[in-house]
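Beneath this line is the structure, given in structure tokens, with notes to follow.
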Ligand code: SF4
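Protein chains in written order, with the working numbering: chain A, 1 to 75; chain B, 76 to 426.
Right under this line is the structure:
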């Protein structure tokens, strides 16, 4: 129940409270009311249909570089 | 190949750190998603003899007591439609689970998001949203209540069984368990921030906020063993790509706007002062009154209570694998995908 998944913002819908995100090729509409200064291309952590935080791409890259893996390598 | 080398270097450093201490470490992972990651990736065997992993009370389904399930079933009988996360469906109540009640004709619907659920509830449906979860999920319920207010819906209510993480952790560390280190829940910390876990430092036990991928766990164990060696009790953050010092301030404001602390019953830990959240009095008309009979909760031979407080490993429960399986769960720890009995059943190579 506490699972979260990362997804990329494709489109911010008019009222700024929703966005269409891409998660492994699937398009979903999520609530983004909790996220400040959202831009298309940002990565979000989604939980229960709600974006709970932006994912810092630089930090994510650091880890990816360290391990030479991509984010969804958890097979 | 390069990846493997790096991972091996980290694994060896963790083991070297522990060898310097000359004893096996007891480490508690508070969150069930960590339990699953540890078992799925085989870290419990990889670090056998080095680390004894204990599963904490951070799975909301596992700490939900049967009394709450009984309440939901009663409400369904009164012709309400219950909206619940799927994880809760198989948790046994005193006489049956929500799944059984549904197959007996009760109106129970699975929701993926409380916000979407509220958007789609029909005008003539008397709906009750089963609000279960820790701080990770509370903002989603706050947003759904906001939607109820905006749309002026009179037919939606919340059955709150929300939990906070700080109080049960304090009780656990004070009275129930002796551990060398804590792996703190990354998604609760996403909302509460590193600041939200500062209280752990008072217990003088090293701790680290961790993500959920295998490399997150390895880096967290590296950080944790280093902290243990250094007697360093500051809360470390190994999930920096998501967790900020102050957490998600918008989400925290949402929680404060709609919810206030209340006492809450935790399976395994009992009634905990300030361990839960309820709707503030100005929103009480959106809240369902639940009736609890705490005395009757500790039923059956299920040993979830001991599992959740680190006294027993799942395989030491006499029902484990014999009568209790994910298909026929006898307790919440076997029901939830994030429960420790379930994780042991699926991934445990403990023999
Ligand atoms: S194995 Fe089943 S009965 Fe035993 S503690 Fe776990 S959930 Fe309860």
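Beta carbons: idealized from backbone N, C-alpha and C, even for Gly.
Beta-carbon to beta-carbon, residue 247/B and residue 132/B are separated by about 7 Å, close enough to satisfy the 8 Å threshold. Selection 418/B, 298/B, 315/B, 399/B evaluated against residue 54/A yields 315/B as nearest (Cα-Cα). Neighbours of residue 56/A in chain B, taken as residues at a C-beta separation under 8 Å, are given in chain order as 315, 316, 317. Pairing residue 126/B with residue 402/B, the inter-Cα distance amounts to about 30 Å. Straight through space, the alpha carbons of residue 313/B and residue 60/A are spaced by roughly 11 Å. Residue 38/A and residue 287/B have their C-alpha atoms some 24 Å from each other. By the rule that beta-carbons nearer than 8 Å mark a contact, residue 173/B does not touch chain A.
Residue 51/A carries a strand assignment under DSSP once its states are collapsed to helix, strand and coil. In the three-state reduction of the DSSP assignment, residue 397/B falls in the coil class, being assigned neither a helical nor a strand state.
Within the DSSP bridge table, the entry for residue 203/B names 157/B, 232/B as partners. Uninterrupted alpha helix (DSSP H) stretches at least 4 residues long and entirely within the region 111-138 of chain B occur at 118-121, given in chain order. Remark: the shortest separation between the CB of residue 392/B and any heavy atom of the ligand SF4 falls under 7 Å. Taking a beta-carbon distance threshold of 8 Å, residue 108/B counts as an interface residue toward chain A. When C-alpha distances from residue 4/A are compared across 51/A, 40/A, 14/A, 68/A, the shortest belongs to 51/A.
Annotation for residue 165/B indicates a beta carbon at 7 Å or more from all heavy atoms of the ligand SF4. Against chain B, the CB of residue 4/A has a partner CB under 8 Å away; the residue lies at that interface. In the pairwise beta carbon analysis, the region 201-210 of chain B is classified as not touching the region 28-44 of chain A: fewer than three pairs are separated by under 8 Å. For residue 36/A, the chain B residues whose C-beta falls within less than 8 Å of its own C-beta are 325, listed in chain order. A buried status is given to residue 406/B, since no fewer than 16 other beta-carbon atoms sit within 10 Å of its beta-carbon. Taking CB atoms only, residue 254/B has no neighbour in chain A less than 8 Å away.
Not one beta carbon of chain A lies nearer than 8 Å to the beta carbon of residue 259/B.
The region 209-228 of chain B and the region 318-333 of chain B touch, with three or more beta-carbon pairs separated by less than 8 Å. Against chain B, the CB of residue 26/A has no partner CB under 8 Å away; the residue lies outside that interface. Residue 334/B sits in a strand when the DSSP states are folded into three classes. A direct Cα-to-Cα measurement between residue 377/B and residue 303/B gives close to 34 Å.
It is roughly 45 Å from the alpha-carbon of residue 179/B to the alpha-carbon of residue 253/B.
With contacts defined as CB atoms closer than 8 Å, residue 103/B and residue 293/B fail to qualify as a contacting pair. For residue 189/B, the shortest separation between its Cβ and any heavy atom of the ligand SF4 does not lie below 7 Å. The ligand SF4 never approaches residue 349/B closely enough for any of its heavy atoms to be under 7 Å from the residue's Cβ. 159/B is the residue among 251/B, 159/B, 280/B, 116/B whose C-alpha sits nearest the C-alpha of residue 48/A. Burial check for residue 215/B: the Cβ neighbour count within 10 Å reaches 16 or more, so the residue is buried.
With 16 or more other Cβ atoms inside 10 Å of its own Cβ, residue 342/B counts as buried. Taking 3 residues as the minimum length, the beta strand (DSSP E) runs contained wholly in the region 233-268 of chain B are 256-260, in order along the chain. A contact between stretches requires three or more CB pairs, one per stretch, nearer than 8 Å, and the region 266-280 of chain B meets this requirement with the region 315-328 of chain B.
Residue environment: residue 96/B is assigned as exposed (fewer than 16 neighbouring CB atoms within 10 Å of its CB, all protein chains considered).
Under the Cβ distance rule, residue 50/A counts among the residues neighbouring chain B, one pair being separated by less than 8 Å.
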